[in-house]
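Okay, so the sequence shown: first residue is 0 according to numbering that gives the first Met the number 0, each after it adds one.
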Amino acid sequence: MRSKPAGVTRMSSIPTPIVESRRPRSKLRLHPLIGYAVISAFILLANLDFFPITAHALSTSSYYRAHKPKAAAKHIMHSHYSGAEPEPAEPPTADSDSSYNDTDSQETYKNGAVSATYFVNWAIYGRHHFPWEVPVESVTHVFYAFANVRPESGEVYLTDSWADEQIHWADRGDSWNDSGNNLYGCFNQFRQLKQKNRHLKLIISIGGWSYSANFAPATSSPEKRQKFVDSAIAIVENYGLDGLDLDWEYPTNDKEADQLVDVLRRARSGLNKLKQKKNDQSPYVLTIAAPCGPNHYKQLHLKEMTRYLSFINLMAYDYAGSWDTLSGHQANLHLTNSSAVNQGNFSTAAAVEYYMSQSVPASSLVVGMPLYGRSFLNTKGIGQAYNGLGQGNWEPGIYDYKTIPMDNAKLVEDMKAVGAYTYNPSNQELITFDTPNTVRRKVKYIEKHGLGGVMWWESSGDKQNSDGALIPLAAKLLGKLDSTPNHLSYPGSKWDNLKSNHPPSNSSVTPSGGYRAHNQHRAHKTHHKHSVHHHKVKQYHPVQGSY
0 MRSKPAGVTR MSSIPTPIVE SRRPRSKLRL HPLIGYAVIS AFILLANLDF FPITAHALST
60 SSYYRAHKPK AAAKHIMHSH YSGAEPEPAE PPTADSDSSY NDTDSQETYK NGAVSATYFV
120 NWAIYGRHHF PWEVPVESVT HVFYAFANVR PESGEVYLTD SWADEQIHWA DRGDSWNDSG
180 NNLYGCFNQF RQLKQKNRHL KLIISIGGWS YSANFAPATS SPEKRQKFVD SAIAIVENYG
240 LDGLDLDWEY PTNDKEADQL VDVLRRARSG LNKLKQKKND QSPYVLTIAA PCGPNHYKQL
300 HLKEMTRYLS FINLMAYDYA GSWDTLSGHQ ANLHLTNSSA VNQGNFSTAA AVEYYMSQSV
360 PASSLVVGMP LYGRSFLNTK GIGQAYNGLG QGNWEPGIYD YKTIPMDNAK LVEDMKAVGA
420 YTYNPSNQEL ITFDTPNTVR RKVKYIEKHG LGGVMWWESS GDKQNSDGAL IPLAAKLLGK
480 LDSTPNHLSY PGSKWDNLKS NHPPSNSSVT PSGGYRAHNQ HRAHKTHHKH SVHHHKVKQY
540 HPVQGSY
């Protein structure tokens, strides 16, 4: 049942008679003539720009379409399937922000292809992967994973203060003797990389698989959604960031999809206000990590979301894995006539076509690719039954790309599906992953269809200083990369070295090893905690839901 437009009151079921007072015939004839004259004069003045009626009407109509009551928004989403026409625009909901400024959305954001990667803050522990190892000359956006959100209040907060803001690296110029309240950790290392590479944007990613259960309760009211946005933007300003990425896996119904739309609306408004307040030249980034499985992407209100986003990161991987009964390609571009692709019949091309059918511009779609492989043991080949998973590098069944191929494994590249795997006949292990050749084909597809670029999950898995490294390869193939300048001015930060935009003073005076002795035990405990938590509970983005 549709909700009523705001301000409509229910009348009695008994009609009230209308009694019109008698007027002289001359006045009755004159009344409509006066009305026509007033309307004609008003239209004439509007055309002469005395009244900006046209621009206002267009912007208001656009605003109303994005803020219809929830029931109406549902009808718009399903009109593509039912053949129904969109319903008339209705007033904004009561919690809408009437001061919203619809500028600096995706159409003004990029001036080249996106070459993005996720960087996970737990990589500095067992993986021994650090910010300065990200190939920033080939990267336009780093998505820093992950912040969490409190379900009871909507507050966004950082998850590892040691990795994010405290750890000192002596060989990178950090000192325990600096004066002032200074930022260290990964955020400070990325800040220094941003100073030297003005094309490099750093975005905090909120959610991920481990924390996604918090999204629905954390955004269940207008007050919580505003708290979400305010606290997230405070992190942007405090830690020297360039925007926000929401990784909600996944909204499960129309109500949750509406909540996500409203969070994005408020976030875009808040980021625009921050830009205006600071007189920044570059807009702030707002993105989502989006699914490639139909059960999930058909739940999203894409038409309403797109206007607020800089671009969309398609999680175009995990099409096959431990949840299946058959082995399969985990990141294939196409489906083929062969049944040996993946059990769910997923493909990146099908997802791209759906998003574009929902009025998402091609240039706003960034194709994700994996820097890891998925293993199937005791199988006779692709599309076959298996029994068990390979040992993996960090969890069973998952190998970093840099460790593939294994000894005695044969590489098979299916260029119809655009997917690859290795197969070892001695232990019957199949590992599905991307290769330089599949990446070349995917980039050709991206260019052919005018898509926005590439995204990688995640940077620690790539080969370092090698001809086989995938991040630099894709960046080179894409050609002109986005060079929109990053942000370096953060006068509202709580950290002195961010407010001044300078390195901490006395940075050359550092103890050996970069750690205070009394903090070494803490670092070891944090290492253990994050190695277990993130790799057992989260890590990759399964298309079909939980493992």
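Virtual Cβ for every residue (Gly too), placed ideally from N, Cα, C.
Under 8 Å between C-beta atoms of residue i and residue j
i    : j    : result
S326 : I397 : no
L270 : L285 : yes
S492 : G239 : yes
D159 : N187 : no
T139 : L480 : yes
L199 : V141 : yes
L245 : W494 : no
I203 : I166 : no
V365 : V228 : no
G418 : Y400 : no
K226 : E164 : no
T552 : A319 : For residue 552 there is no data in the structure shown, the boundaries of the chain being 0 and 546.
G292 : F375 : no
A416 : H295 : no
S358 : K302 : yes
Assigned secondary structure, residue i (DSSP; H/G/I helix, E/B strand, else coil)
i    : result
Y371 : strand
V508 : Only weak support is given to the placement of V508: the predicted model assigns it a pLDDT of 36, under 50, and the question is left unresolved by the model.
V438 : helix
W455 : strand
Y117 : strand
A350 : helix
K443 : helix
G153 : coil
H529 : Low confidence applies here, because H529 scores a pLDDT of 39, under 50, leaving its location unreliable; read the following figure in that light. Three-state result, H529: helix.
R22  : At R22, the pLDDT of 38 sits below 50, so the modelled position is not reliable; the number obtained from the coordinates is stated separately. Looking at R22 - three-state DSSP - the assignment turns out to be coil, as it is neither helix nor strand.
H328 : coil
A122 : helix
E412 : strand
T402 : helix
A384 : strand
A473 : helix
G460 : helix
E132 : helix
D246 : strand
A361 : helix
A162 : helix
Residue i, enclosing alpha helix (DSSP H) - first and last residue
i    : result
G172 : Here G172 belongs to no alpha helix (DSSP H), and DSSP marks it neither H nor E.
F214 : 214 to 217
E222 : 221 to 238
K200 : Premise fails: K200 lies in the beta strand (DSSP E), 200 to 206, not in any alpha helix (DSSP H).
Q186 : Correcting the residue identity first, residue 186 is Phe in this sequence and not Gln. Its alpha helix (DSSP H) spans residues 184 to 195.
Y398 : Here Y398 belongs to no alpha helix (DSSP H); instead the beta strand (DSSP E) covers 397 to 399.
E255 : 253 to 277
L497 : 495 to 498
N294 : 293 to 296
Residue of the options minimising C-alpha distance to residue i
i    : options                : result
E428 : K462, A419, K379, K401 : K379
H333 : S321, V359, T347       : T347
I205 : C185, P221, S174, R149 : R149
E151 : A217, C185, G179       : A217
W131 : Y143, N110, R171, Y156 : R171
N331 : S321, W322, G343, K297 : G343
M368 : S211, A473, V135       : A473
A122 : G111, N110, F145, K109 : F145
G125 : E446, D461, L410, N392 : N392
P490 : N341, N278, K109, S321 : N278
Boundaries (first-last residue) of the beta strand (DSSP E) holding residue i
i    : result
F310 : 310 to 313
K302 : That residue, K302, is in no beta strand (DSSP E); its alpha helix (DSSP H) goes 301 to 304.
Y143 : 140 to 148
Y422 : 418 to 423
F432 : 428 to 432
V284 : 284 to 289
Any non-hydrogen atom of the ligand PLP closer than 7 Å to residue i Cβ
i    : result
N196 : Within the structure as shown, the ligand PLP is missing, as the structure has no ligands at all.
Inter-residue CB distance, residue i and residue j (contact presumed, cutoff 8 Å)
i    : j    : result
V262 : R224 : 5 Å
L299 : P360 : The pair is not a contact, with the Cβ atoms about 16 Å apart (cut-off 8 Å).
K193 : L388 : No, K193 and L388 are not in contact; Cβ-Cβ is about 39 Å, not under 8 Å.
W455 : I470 : 6 Å
A231 : L243 : 5 Å
W247 : S211 : 6 Å
L313 : A289 : 6 Å
Y422 : A408 : 6 Å
R190 : L497 : 7 Å
Neighbour flag for residue i against chain D, beta carbons, 8 Å
i    : result
A144 : In the structure shown, chain D cannot be found, because there is only a single protein chain.
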